[in-house]
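A.B. asks: Numbering (my numbering), first residue to last: 694 to 1715.
C-beta atoms are modelled at their ideal positions from N, C-alpha and C, and glycine is treated no differently.
Quantities reported herein were computed from a predicted structural model and do not represent experimental measurements.
Printed below as a string of structure tokens:
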């Protein structure tokens, strides 16, 4: 039994009553200072780990003013704050031991869009891609591109002056900021906009903080303009933050936003922004060029830039190799073919934009002609991607490159600390050669990718920061790269901000650094805003790269063996892909429903990692505890678990914090498929729950859910009584008391009886072995899971009928326990026993040579993940089976005519079997049907999740996000299908509609007289 793990407050609490005083002063947002929130916000995408005192989630500008005013009170003089956006910074920009101010939960409104002026006004917490989705109907977009665009907030982009691919064409965030609404540390609410001389004179005359700031910045810009011109490099990626070189605009206006953009929360809190918008390019194409040598790719990039392409991105062989195992590769592999007799060691992706198709083709012809010229043909080949879908798919791969570098085995992994240097593009190839020699000399592996047109290449050396020798390398390599960058006329911070690397600011700014200090002093004289970053107001020191605690400090305590045993929880690198705002993306539905970062894969991984650290400090090996637990009987520990559950001394057990975060996980496995690092929350969640409930009592629902597969045959015998319980108000009330709700009714039809009537035998190994080889080749065994078999037998019957029409002999698998519910709820001992029995049975069937086909995607894919190491046989998904037998399918045109077909795939299927939707489309296409794939997120049911009363509000919220709009838009001729039983169950429960499985639709298509049930028809009530 694991011990109680008291939550440790590792930093001093703020002055007494700070958070209470905020409430008294009118703060209307959320205040979190519990151990779970502090743990979740202690990391970003950097190598550092700093636990904050608490986290504030303001709802308005007024809340930000309250924070500033309360901080100014004498009792709270020692407290500092750090604004935080998407939390994906690579240099610890928003890490603080003070209080985090996070606008991403509530300040997420797009306040105004003026398509005529091309201006949008937004709150700081709006996500970039969310804004661009709203702008798309107007033909406009917010231009600065970055790899984290689906979770980067506008406030965070402004704070780091973010940019990425296409910056040579579109510039940086600061180039598109028209106005900023900021809150200063005296509580002032001020709109910063470019000022003509008359307006500037009026503000300079003000006797307040705003006036003092403008006087200071204007004087520095005027008095130091010659020195500023000398020190600031003439780069596309010029100095970010306190940008003295662009205070005076070309039109003579004074623009304070040049100082604010890139200031990383050290000068003011950003509340709102007015942004310049651009027309969306009408036509786009990508030329994907392969090289046998990475340096050749870098050198060729200069020639591509000279051809006036919109952007050039370069990726090395390391990143390309990792991309090939990622979820996105299926959709883009054809654009990066293997070349016979050579290995691709680098690629250039050149973007071509045009206003019409003819112009696009002319531009493409110019570039490809140059590529094909003998003197320039140093590449191995190239492909061209046209059309929005293919272009976006390739850019998605490039965007995921940052995270993909973390998807390696072992404790030595690429980390960010010198990854965004920028040099003049003409110096890049020579610079990178020296950079690579530096890393090669240290014996390090690394990956490279980046924006070669702008002279930026991202480099992540692979280190294990639990090792002292590797920790020393952070300093040695950083110092060497600073010297190298300066020698080539570049900057250390080309894209991702300064953060912890601020110690190098005085070296780069030289005798201008005191001017930066003056600016900091004017804005924040007491050094309360993100202290230690970029500049200090007086003699305080800047943060050094080896001042802050490293993630590796925690990892060293846990140990490499335990880190490896818990499914990448400890290897989450904080890239934040799980913060994807898009409701139609399957990634982490619990975060989408709550906007609570604790309830994301990153948050849960951080909590799990801290839990493992606390166990390690007590000398507990969770693997051994799990083994002991499985050897004991639950009854023997019942009294002790009851005592622990009731004992007030256990209230501060950190395990409760972890369990609360795990409770809202839907176990959909989207993280396992979509996270670049492959953090698999459902797997380490199950391991945690097993140990947690070895110490505490389980809720009543758990044993009921765990036993469902074994009890369904019995329940089937008392179907009328069961349906009475789940179908009446009194019965539902009783079920809610057990923690369950929205349970489906059992249909009148019995699969076992119907199969017997149809003369479909149960698959027994010895019976199948008795068949001739030809008969076995024509046989198919449908592995019907308990949920489909008992609650939706029509699917299995449709599969049987379809197989016979295909000239095959169908069998049904024997009743078996898949065990997924056991696994999800942490009954891992019972799961292993059940899985071994089922695996033996399926393996024996497979050895006869017969094909095994599952019906439900989630249950079928469990044989590939949860059964790993237990089952060698492959149980095919229905579309995999059908795609291999297209010649056996024939369609009835009369059934297809006048209908449109749309597929709503299970999220586990979409993320863990990436080819699945394309396979369904291939099958339907062979029948003459153009199958459209609906872009939907999770329906909210997710197996048993939506049947648990405590989860029902989240389940219904998720359904309304993407599934309900899709169903509401369906017309009478639209046939919507769902592959997942839980999805069909959710639709029936909420909207009273019965959705067919694709197998039922296909069976109808190949049948002359069959009628396909429409997704919009009401479900029967009995």
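Contact between the segment 1145 to 1160 and the segment 1111 to 1120 is defined here as three or more beta-carbon pairs at a separation below 8 Å; is this criterion met?
C.D. replies: The segment 1145 to 1160, when compared against the segment 1111 to 1120, does touch it at the 8 Å Cβ threshold.
A.B. asks: In whole angstroms, give me the CA-to-CA distance for residue 1095 and residue 741.
C.D. replies: Here residue 1095 refers to the residue found at position 402 when the chain shown is read from its first residue. Here residue 741 refers to the residue found at position 48 when the chain shown is read from its first residue. Going from the Cα of residue 1095 to the Cα of residue 741 covers about 17 Å.
A.B. asks: Spatial neighbours of residue 1261 within its chain, please: CB distance less than 6 Å, with the 5 preceding and 5 following residues excluded, ordered by chain position.
C.D. replies: Here the question's residue 1261 lines up with position 568 in the chain shown. Around residue 1261: 1370, 1371 and 1372.
A.B. asks: Taking 8 Å as the cut-off, does the segment 916 to 927 touch the segment 833 to 848 (at least 3 CB pairs, one atom from each stretch)?
C.D. replies: No, because fewer than three Cβ pairs between the segment 833 to 848 and the segment 916 to 927 fall closer than 8 Å, the two stretches do not touch.
A.B. asks: Using only alpha-carbon positions, find the residue among 1552, 1499, 1290 and 730 that is nearest to residue 1584.
C.D. replies: The residue labelled residue 1584 in the question sits at position 891 within the chain shown. Checking every option, the nearest Cα to that of residue 1584 belongs to 1499.
A.B. asks: Where does the unbroken beta strand (DSSP E) through residue 1041 begin, and where does it stop?
C.D. replies: Reading the chain shown from its first residue, position 348 is the one you call residue 1041. That run of the beta strand (DSSP E) goes 1039 to 1047.
A.B. asks: Rounded to whole angstroms, what's the CA-CA distance from residue 1052 to residue 971? Just pull it up for me.
C.D. replies: For this step, residue 1052 is matched to residue 359 along the chain shown. For this step, residue 971 is matched to residue 278 along the chain shown. Approximately 19 Å between the Cα atoms of the pair.
A.B. asks: Report the residue ranges of all beta strand (DSSP E) runs contained in full by the segment 719 to 784; include only those spanning at least 3 residues, in chain order.
C.D. replies: Counting whole runs of 3 or more residues, the segment 719 to 784 contains the beta strand (DSSP E) stretches 723 to 725, 747 to 750 and 774 to 777.
A.B. asks: Ignoring anything shorter than 4 residues or poking outside the segment 1127 to 1212, list the alpha helix (DSSP H) runs there in chain order.
C.D. replies: 1161 to 1180 and 1198 to 1202, all fully within the segment 1127 to 1212.
A.B. asks: Roughly how many angstroms separate the alpha carbons of residue 1598 and residue 1554, rounded to a whole number?
C.D. replies: Translated into positions along the chain shown, residue 1598 becomes position 905. Translated into positions along the chain shown, residue 1554 becomes position 861. Computed Cα separation, rounded: 14 Å.
A.B. asks: Cβ of residue 1361 within 8 Å of Cβ of residue 1271?
C.D. replies: For the purposes of this step, residue 1361 is taken as the residue at position 668 of the chain shown. For the purposes of this step, residue 1271 is taken as the residue at position 578 of the chain shown. Result no, Cβ atoms of residue 1361 and residue 1271 do not sit closer than 8 Å.
A.B. asks: Is residue 1644 helix, strand or coil when you go by DSSP?
C.D. replies: Translated into positions along the chain shown, residue 1644 becomes position 951. Correct three-state label for residue 1644: helix.
A.B. asks: CB-CB under 6 Å to residue 822, same chain, minus the five flanking residues each way: which ones, in chain order?
C.D. replies: For the purposes of this step, residue 822 is taken as residue 129 along the chain shown, with counting starting at 1. Only 842 and 843 meet the Cβ criterion.
A.B. asks: For residue 777, which residues in the same chain have their Cβ closer than 6 Å to its Cβ, ignoring the five residues on either side in sequence?
C.D. replies: Sequence index remark: in the chain shown, residue 777 carries index 84 (1-based). Same-chain partners within the cutoff: 787, 793 and 795.
A.B. asks: How is residue 912 classed by DSSP in three states: helix, strand or coil?
C.D. replies: Position 219 of the chain shown, counted from the start, is the residue given in the question as residue 912. Correct three-state label for residue 912: helix.
A.B. asks: If we require 4 or more residues per run, which alpha helix (DSSP H) segments fall completely within the segment 1546 to 1604?
C.D. replies: For the segment 1546 to 1604, whole alpha helix (DSSP H) runs of length 4 or above, ordered along the chain, are 1550 to 1555, 1571 to 1576 and 1586 to 1589.
A.B. asks: Rounded to a whole number of angstroms, what is the C-alpha to C-alpha distance between residue 1541 and residue 1461?
C.D. replies: Residue 1541 sits at position 848 when you count from the first residue of the chain shown. Residue 1461 sits at position 768 when you count from the first residue of the chain shown. Distance between the alpha carbons of residue 1541 and residue 1461 is about 7 Å.
A.B. asks: What is the rounded straight-line gap between the Cα of residue 1259 and the Cα of residue 765?
C.D. replies: Numbered from its first residue, the chain shown carries residue 1259 at position 566. Numbered from its first residue, the chain shown carries residue 765 at position 72. C-alpha separation (whole angstroms): 45 Å.
A.B. asks: Between the beta-carbon of residue 732 and the beta-carbon of residue 1303, is there less than 8 Å?
C.D. replies: Counting from 1 along the chain shown, the entry for residue 732 is found at position 39. Counting from 1 along the chain shown, the entry for residue 1303 is found at position 610. Yes.
A.B. asks: On the three-state DSSP scale, how would you describe residue 875?
C.D. replies: For the purposes of this step, residue 875 is taken as the residue at position 182 of the chain shown. In the structure shown, residue 875 sits in a strand (DSSP, three-state: E or B).
A.B. asks: By how many angstroms is the C-alpha of residue 1504 removed from the C-alpha of residue 1474?
C.D. replies: Within the chain shown, numbered from 1, the residue matching residue 1474 stands at position 781. Within the chain shown, numbered from 1, the residue matching residue 1504 stands at position 811. Rounded to whole angstroms, residue 1474 to residue 1504 spans 5 Å at the Cα level.
A.B. asks: Skipping 5 residues on each side, what residues in its chain have a beta carbon closer than 7 Å to that of residue 789?
C.D. replies: Here residue 789 is taken as the residue at index 96 of the chain shown, counted from 1. Correct list, in chain order: 743, 745, 773, 775 and 1223.
A.B. asks: At a cut of 8 Å, does the segment 1371 to 1388 reach the segment 1607 to 1616 through at least three beta carbon pairs?
C.D. replies: Result no; under three Cβ-Cβ pairs closer than 8 Å.
A.B. asks: Where does residue 1459 land, buried or exposed, given buried means 16+ other C-beta within 10 angstroms?
C.D. replies: Mapped onto the chain shown, residue 1459 falls at position 766. The residue in question, residue 1459, is exposed, as its Cβ has fewer than 16 Cβ neighbours within 10 Å.
A.B. asks: So within the segment 1356 to 1406, which uninterrupted alpha helix (DSSP H) runs reach at least 4 residues, ignoring any that extend past its ends?
C.D. replies: Here the runs fully enclosed are 1363 to 1367, 1374 to 1385 and 1394 to 1399.
A.B. asks: Taking just the CA atoms, how far does residue 1643 sit from residue 902?
C.D. replies: Counting from one through the chain shown, the residue named residue 902 turns up at place 209. Counting from one through the chain shown, the residue named residue 1643 turns up at place 950. One C-alpha to the other measures close to 50 Å.
A.B. asks: In three-state terms, what does DSSP make of residue 984?
C.D. replies: On the chain shown, position 291 is the one that residue 984 refers to. Three-state result, residue 984: strand.
A.B. asks: Whose C-beta lies closer than 6 Å to the C-beta of residue 1021 among residues of the same chain, with five residues either side of it excluded?
C.D. replies: Translated into the one-based positions of the chain shown, residue 1021 becomes position 328. Same-chain partners within the cutoff: 1089 and 1090.
A.B. asks: Among 1004, 1019, 1386 and 1486, which has the Cα closest to the Cα of residue 1047?
C.D. replies: As a first step, residue 1047 must be located in the chain shown, where it is residue number 354. Checking every option, the nearest Cα to that of residue 1047 belongs to 1004.
A.B. asks: Pick helix, strand or coil for residue 1081, following the three-state DSSP scheme.
C.D. replies: Your numbering for residue 1081 matches position 388 in the chain shown. Here residue 1081 sits in helix by DSSP.
A.B. asks: Give the single residue among 1049, 1012 and 712 whose Cα lies nearest to the Cα of residue 976.
C.D. replies: Sequence index remark: in the chain shown, residue 976 carries index 283 (1-based). Nearest option by C-alpha distance: 1049.
A.B. asks: According to DSSP, what are the bridge partners of residue 1668?
C.D. replies: Here the question's residue 1668 lines up with position 975 in the chain shown. Residue 1668 is bridged to 1594.
A.B. asks: By how many angstroms is the C-alpha of residue 1352 removed from the C-alpha of residue 713?
C.D. replies: Here residue 713 refers to the residue found at position 20 of the chain shown. Here residue 1352 refers to the residue found at position 659 of the chain shown. Approximately 27 Å, taken between the alpha carbons.
A.B. asks: Quick check on DSSP: helix, strand or coil for residue 1505?
C.D. replies: The residue given as residue 1505 occupies position 812 in the chain shown. Reduced to three states, the DSSP call for residue 1505 is strand.
A.B. asks: Can you give the Cα-Cα distance for residue 1134 and residue 1128, rounded to whole angstroms?
C.D. replies: Position 441 of the chain shown, counting from 1, holds the residue named residue 1134. Position 435 of the chain shown, counting from 1, holds the residue named residue 1128. Going from the Cα of residue 1134 to the Cα of residue 1128 covers about 10 Å.
A.B. asks: Have a look at residue 888 and residue 948 and give me their C-alpha separation to the nearest angstrom.
C.D. replies: Within the chain shown, residue 888 is the residue found at index 195, counting from 1. Within the chain shown, residue 948 is the residue found at index 255, counting from 1. Computed Cα separation, rounded: 6 Å.
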